[in-house]
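Read through the structure below, which is laid out as structure tokens, and then see the notes.
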Amino acid sequence: MPFERISNVTAKDFIAEGTFRLVLEAPDIGEKAVPGQFVMMGFPTPSADPFLRRPFSIANAEWGRLEFLIRVVGWGTAIIAGLSSNDKIPIFGPLGNGFPEPKQKAVLVAGGIGLPPLLFAARRWRDVKLLYGEKSIDAICKLPEDTGCVPEIATDDGSSGEKGFVTELLKKELKGNFKCDVYACGPFPMLRETAKICSEFNTMCFVSLESRMACGLGACQGCAIRTKKGFKKVCSDGPVFDATEIDWEVFRD
Amino acid sequence: MIDLSVNIGSLRLKNPVLMASGCFGWGSEYSKVFDIDALGGIVTKTITLKPREGNKPPRIWETPGGMLNSIGLANPGVETFINEAIPFLEKVRCARVVSIAGETVSEFERLLSIIAPLEPVDAIEINISCPNVEKGGMSFGTDPAVVSRLFASLRVITKKPLWAKLTPNVTDIVEIAKSAVEAGADALVAINTLIGMDIDIMNFTPRLGNITGGLSGPAIKPVALAKVYALHKALPNVPIIGSGGIVSPGDAISHMLAGATAIQVGSGIFANPLLPLEIIENLELYCLNMDFPRAAYITGYLIIPGNK
Chain U
165 MPFERISNVT AKDFIAEGTF RLVLEAPDIG EKAVPGQFVM MGFPTPSADP FLRRPFSIAN
225 AEWGRLEFLI RVVGWGTAII AGLSSNDKIP IFGPLGNGFP EPKQKAVLVA GGIGLPPLLF
285 AARRWRDVKL LYGEKSIDAI CKLPEDTGCV PEIATDDGSS GEKGFVTELL KKELKGNFKC
345 DVYACGPFPM LRETAKICSE FNTMCFVSLE SRMACGLGAC QGCAIRTKKG FKKVCSDGPV
405 FDATEIDWEV FRD
Chain B
1054 MIDLSVNIGS LRLKNPVLMA SGCFGWGSEY SKVFDIDALG GIVTKTITLK PREGNKPPRI
1114 WETPGGMLNS IGLANPGVET FINEAIPFLE KVRCARVVSI AGETVSEFER LLSIIAPLEP
1174 VDAIEINISC PNVEKGGMSF GTDPAVVSRL FASLRVITKK PLWAKLTPNV TDIVEIAKSA
1234 VEAGADALVA INTLIGMDID IMNFTPRLGN ITGGLSGPAI KPVALAKVYA LHKALPNVPI
1294 IGSGGIVSPG DAISHMLAGA TAIQVGSGIF ANPLLPLEII ENLELYCLNM DFPRAAYITG
1354 YLIIPGNK
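Each protein sequence line maps, in turn, to chains U and B. Take 165 as the starting number for the first sequence in our numbering and just add one per residue. Take 1054 as the starting number for the second sequence in our numbering and just add one per residue.
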């Protein structure tokens, strides 16, 4: 562990605007993966470009298969979007520390394409509430039935669910019951706001962070971020951090 | 079975494939991925006397055919290295080369006197080529007089092999190499990264927190090969360890043909975590197909066709 495997694509379909679901065969990675972990995904044809692999959070691991939800944001993701069933792609994982198991009810706060690791958590954990925010209804990923919960939705333009940010949903939720553990993944401003709200309610808050990565397993120190306890590696000390460890004013993505 | 062993002076490597400094820690992370004893050797992340935090993020950025890094010699310092890395390296069964750097000659001397006597240290790589620190690193390796003085001081401290890690960011790498060798360096490692930068045009800022960094990857292979070739031509009896842009077995063989006795894989391992093992396997196949009785015969086997 971690394993380097050439995986078979078993499914790929678009589930929202510019966003697709990718399912790969990876029995050994799948067996060991826990929510919050990720893989470093290569490309179907070896070449000098793109040079580095891309980190993607695991959305599910079941029956020897790994599921990912990927949004096309650049060159690398565009190439992966072109995969079809029975194509092969190298992956390396599972990587990262994963989410600590909740000690009480878990409130999951997903912003945009921060959804996948929280989806994995929702599928594995028992007492969860999922809050999911996106810009508009076109970007909302249709969730599979096995998620185990019906999410509360918020959209910036109000085209689905509540109009506003997902952090508004969080405030309402905590006002109702702050005895819970909060897990968040999404754009940096959303995480910063989530951390602020949780500290006001004195609620445990874990955030999954992003950083450009090279090795993915803690050897190169390229992904390091400054925290209140010095530099930490997002790939191996994280990607999940206690929100109180992060210096939200200094850290920029 | 083809004999893949090579000799870097008095140090025998079971095969010519080493891991380059900076991409592999001291081996503990990747040892969970593959059997690192299968390698010819490992060069550890550069150690300094005092711990170094490293540079302001972002520290890495992908570029066409490669990447920039400005890690900044982030390392836990020699004391932690002795307490944590040395016990790990004691159990490693491939060559262990410790990379060291100082801001002054006397810091280099102190570090070497601490590190060299330790049992698991098979050789020491002298980092005079890091482009990401203000003092020491590359500022040593661009001045032949400084290189000469440094190696003369270091040579009296240990009999163990001393390797000079050279920077390509110089006008004449041969001049630097000659200074190192004349003052006692046992082998040359060429090359370290090239200085580079990239810019975010939407925010008008450099991509790296340190503004500039070192360029690695396939893009630099032609530069590395030209340097190895120049060094081997000028110093045919000095062992050269080729590094720069090795992402396939063919790249490793190119370095050897240009004059390298052994090679180092650096950022190539990020693109393919099993790359060093693939190189070792394919080296054997190459020798079989091309009729080399042993891998060592590939070194310098570059044929320059006549002018007709």
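From the three backbone atoms N, C-alpha and C, an ideal C-beta is built for every residue, glycine too.
Whole-number beta carbon distance between residue j and residue i, since they are thought to touch under 8 Å
| i | j | result |
| --- | --- | --- |
| A286/U | L294/U | 5 Å |
| F256/U | P1326/B | 5 Å |
| G1155/B | T1101/B | 7 Å |
| I1095/B | F1077/B | 6 Å |
| V1131/B | L1203/B | Rounded, the Cβ-Cβ distance is 18 Å, inconsistent with contact. |
| A1036/B | V1227/B | For residue 1036/B there is no data in the structure shown, the boundaries of chain B being 1054 and 1361. |
| T1211/B | A1238/B | The pair is not a contact, with the Cβ atoms about 12 Å apart (cut-off 8 Å). |
Cutoff 7 Å: residue i Cβ touching any chain D Cβ
| i | result |
| --- | --- |
| I222/U | Here chain D cannot be found, since the structure's protein chains are U and B. |
Proximity test, Cβ basis, 7 Å: residue i and chain B
| i | result |
| --- | --- |
| D417/U | Legend: pLDDT at D417/U = 45, less than 50; position of this residue unreliable, value from coordinates given subsequently. No, D417/U lies away from the interface with chain B (no Cβ there is under 7 Å from its Cβ). |
| M205/U | no |
| R376/U | yes |
| C313/U | no |
| Q268/U | no |
| G182/U | no |
| Q201/U | no |
| I389/U | yes |
| D213/U | yes |
| G386/U | yes |
| G382/U | yes |
| M106/U | Lying before the first or after the last residue shown, residue 106/U is absent from chain U, which here runs from 165 to 417. |
| E195/U | no |
| E168/U | yes |
| L355/U | no |
| F405/U | no |
| F352/U | no |
| M399/U | The sequence shown places Cys at residue 399/U, not Met. It does not: the Cβ of C399/U has no partner Cβ on chain B nearer than 7 Å. |
| L216/U | yes |
| F365/U | no |
DSSP bridge partner residues for residue i (one or two, in chain order)
| i | result |
| --- | --- |
| V1151/B | I1177/B |
| P1259/B | I1252/B |
| G257/U | F167/U |
| K397/U | A388/U |
| F220/U | V203/U |
| W1216/B | E1178/B, A1240/B |
| G1119/B | T1116/B |
| T183/U | A180/U, R235/U |
| A175/U | V187/U |
Best match in the options for proximity to residue i [C-alpha to C-alpha]
| i | options | result |
| --- | --- | --- |
| P1289/B | L1241/B, S1074/B, P1259/B, G1319/B | L1241/B |
| G485/U | G246/U, F352/U, A197/U, N250/U | Residue 485/U lies beyond the residue range present for chain U, which begins at 165 and ends at 417; the question has no answer from this structure. |
| F1193/B | L1219/B, E1178/B, P1170/B, D1175/B | L1219/B |
| R169/U | G1353/B, C1340/B, A1324/B, V1234/B | A1324/B |
| M1309/B | A1138/B, F1134/B, A1238/B, Y1350/B | Y1350/B |
| K299/U | R290/U, G325/U, M165/U | G325/U |
| I361/U | R185/U, D310/U, M165/U, A407/U | A407/U |
| R1112/B | S400/U, P403/U, R390/U | R390/U |
| A1272/B | L1215/B, T1116/B, V1281/B, L1071/B | T1116/B |
| R218/U | C399/U, F284/U, E413/U, W412/U | C399/U |
| F370/U | R229/U, F284/U, G262/U, T241/U | G262/U |
| A190/U | A180/U, T241/U, I222/U | I222/U |
| P1275/B | P1140/B, V1291/B, S1206/B, T1246/B | T1246/B |
| A355/U | E374/U, G340/U, F220/U | Residue identity differs from the one stated: residue 355/U is Leu in this sequence, not Ala. Checking every option, the nearest Cα to that of L355/U belongs to E374/U. |
| G1262/B | W1216/B, G1107/B, G1319/B | G1107/B |
| K176/U | A388/U, K252/U, D401/U | K252/U |
Closer than 7 Å to chain U by CB, residue i
| i | result |
| --- | --- |
| R1112/B | yes |
| M1072/B | no |
| A1257/B | The question names Ala, but residue 1257/B is Phe in the sequence shown. For F1257/B, the answer is no, since every Cβ of chain U falls outside 7 Å of its Cβ. |
| F1323/B | yes |
| L1327/B | yes |
| V1137/B | Correcting the residue type first, residue 1137/B is Glu in the shown sequence and not Val. With 7 Å as the cut-off, E1137/B does not count as an interface residue toward chain U. |
| G1119/B | yes |
| A1305/B | no |
| I1124/B | yes |
| G1271/B | The question names Gly, yet the displayed sequence has Pro at residue 1271/B. With 7 Å as the cut-off, P1271/B counts as an interface residue toward chain U. |
| A1277/B | no |
| A1243/B | no |
- [ ] Return the chain-ordered ranges of every beta strand (DSSP E) run that is complete within the stretch 1060 to 1114 of chain B and spans a minimum of 3 residues.
- [x] Fully enclosed beta strand (DSSP E) runs of no fewer than 3 residues occupy 1064 to 1066, 1070 to 1072, 1094 to 1096 of the stretch 1060 to 1114 of chain B, in order along the chain.
- [ ] Give, in chain order, every unbroken run of the beta strand (DSSP E) that is at least 3 residues long and sits entirely within the stretch 271 to 338 of chain U.
- [x] Residue ranges of uninterrupted beta strand (DSSP E) with 3 or more members, entirely inside the stretch 271 to 338 of chain U and ordered along the chain, are 292 to 298, 316 to 319.
- [ ] Can you check the stretch 1267 to 1310 of chain B for any alpha helix (DSSP H) of at least 4 residues that lies completely inside it and give the ranges in chain order?
- [x] 1274 to 1287
TODO: Go through the stretch 340 to 371 of chain U residue by residue and report every complete run of the beta strand (DSSP E) that reaches 3 residues or more, in order.
DONE: 345 to 349
- [ ] Could I get the ranges of all uninterrupted alpha helix (DSSP H) runs contained in the stretch 1306 to 1358 of chain B, with 4 residues as the minimum, in chain order?
- [x] List check, alpha helix (DSSP H) in window: 1321 to 1324, 1328 to 1343.
Open item on the list: If we require 4 or more residues per run, which alpha helix (DSSP H) segments fall completely within the stretch 1190 to 1215 of chain B?
Closed with: 1191 to 1194, 1197 to 1208
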